[in-house]
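Chemist: For the sequence shown, position 128 (counting from the first letter as 1) is numbered 128 according to my numbering, and the numbering increases by one without interruption. Don't be surprised by glycine CBs; every beta carbon is placed ideally from N, CA and C.
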Amino acid sequence: MTSIPQNQTAPPRRRSFFRGLLEVVTYLALLTSVIGLAVTGGWAWLRHGKAGSLGGWFLWIHFAIAPAFIGALLLVTLFWSERSRFRTPNPRRGVFARSLFWLMLTLGFVAISAILVSMTPLVASEQQITLYWVHRYCAIGLTAVVIMFTLALLKPARRS
1 MTSIPQNQTA PPRRRSFFRG LLEVVTYLAL LTSVIGLAVT GGWAWLRHGK
51 AGSLGGWFLW IHFAIAPAFI GALLLVTLFW SERSRFRTPN PRRGVFARSL
101 FWLMLTLGFV AISAILVSMT PLVASEQQIT LYWVHRYCAI GLTAVVIMFT
151 LALLKPARRS
């Protein structure tokens, strides 16, 4: 068994077909759930032309899609984070795409955490409103970052 010198990184491991398929399916699940959450969450704004609260069927649909989003975000974190490290050589994803990946995870987990904490009795009404706005702005940012990350993934690989 040979060891890798301190100043070098290990060569990237070749992934199996099944692992690659899981990565694609989990990202498509994340993309689909983000689109569904953006449509249902933005419906009040689209309908009234100003920020409003969710209600009725769109609220229930939003609640129904949210667990799929949480699961997909966790699976994308599990399957994609190793190759999105900044120290790992990866010609397919540049620094911009990797930064978008980590920003996507951060915004997603902050949006989830903010709305979950606001549903507990740990915070007062004023803090619930603040957490609701944190959730909303993180969700808007997440939608934009997911779109940019998807476009970065669709960009052809660089040839060296």
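When burial is assigned at 16 or more other CB atoms within 10 Å of the CB, is ALA129 buried or exposed?
Modeler: Sequence index remark: in the sequence shown, residue 129 carries index 129 (1-based). Looking at the sequence itself, residue 129 is Ile, so the reference to Ala does not match. Exposed, since its Cβ has fewer than 16 Cβ neighbours within 10 Å.
Chemist: Hey, could you find the ends of the alpha helix (DSSP H) PHE86 is sitting in?
Modeler: Taking the first residue of the sequence shown as position 1, residue 86 is located at position 86. PHE86 -> no alpha helix (DSSP H), and no H or E assigned at all.
Chemist: Under three-state DSSP, which class holds PRO67?
Modeler: Taking the first residue of the sequence shown as 1, we reach residue 67 at position 67. The answer is helix: DSSP assigns PRO67 an H, G or I state.
Chemist: Is it buried or exposed, THR40, if we count other Cβ atoms within 10 angstroms and call 16 or more buried?
Modeler: The sequence position of residue 40 within the sequence shown is 40, counting from 1. It counts as buried.
Chemist: For GLY94, which of helix, strand or coil comes out of DSSP?
Modeler: Here the question's residue 94 lines up with position 94 in the sequence shown. GLY94 falls in the coil class under three-state DSSP.
Chemist: Go through its chain and collect everything with a Cβ distance to SER33's Cβ below 7 angstroms, but skip five positions before and after it.
Modeler: Within the sequence shown, the letter at position 33 stands for residue 33. The answer, listed in chain order, is ILE65, ALA68, PHE69 and ALA72.
Chemist: Do you know offhand how far PHE18's Cα is from LEU151's?
Modeler: On the sequence shown, position 18 is the one that residue 18 refers to. On the sequence shown, position 151 is the one that residue 151 refers to. Cα to Cα, PHE18 sits roughly 24 angstroms from LEU151.
Chemist: Beta-carbon within less than 6 angstroms of ILE115's beta-carbon, same chain only, minus the 5 sequence neighbours each way: which residues are those?
Modeler: As a working note, residue 115 is residue 115 in the sequence shown. Excluding positions up to five away in sequence, the list reads HIS135.
Chemist: Using only alpha-carbon positions, find the residue among THR143, SER118 and VAL24 that is nearest to TRP133.
Modeler: Numbered from its first residue, the sequence shown carries residue 133 at position 133. The residue with the shortest Cα to Cα distance from TRP133 is SER118.
Chemist: Does the beta-carbon of ARG85, which I'm using as the reference point, lie nearer than 6 angstroms to any heavy atom of the ligand ZN?
Modeler: Judged by which ligands are present, the structure shown has none, so any question about the ligand ZN falls away.
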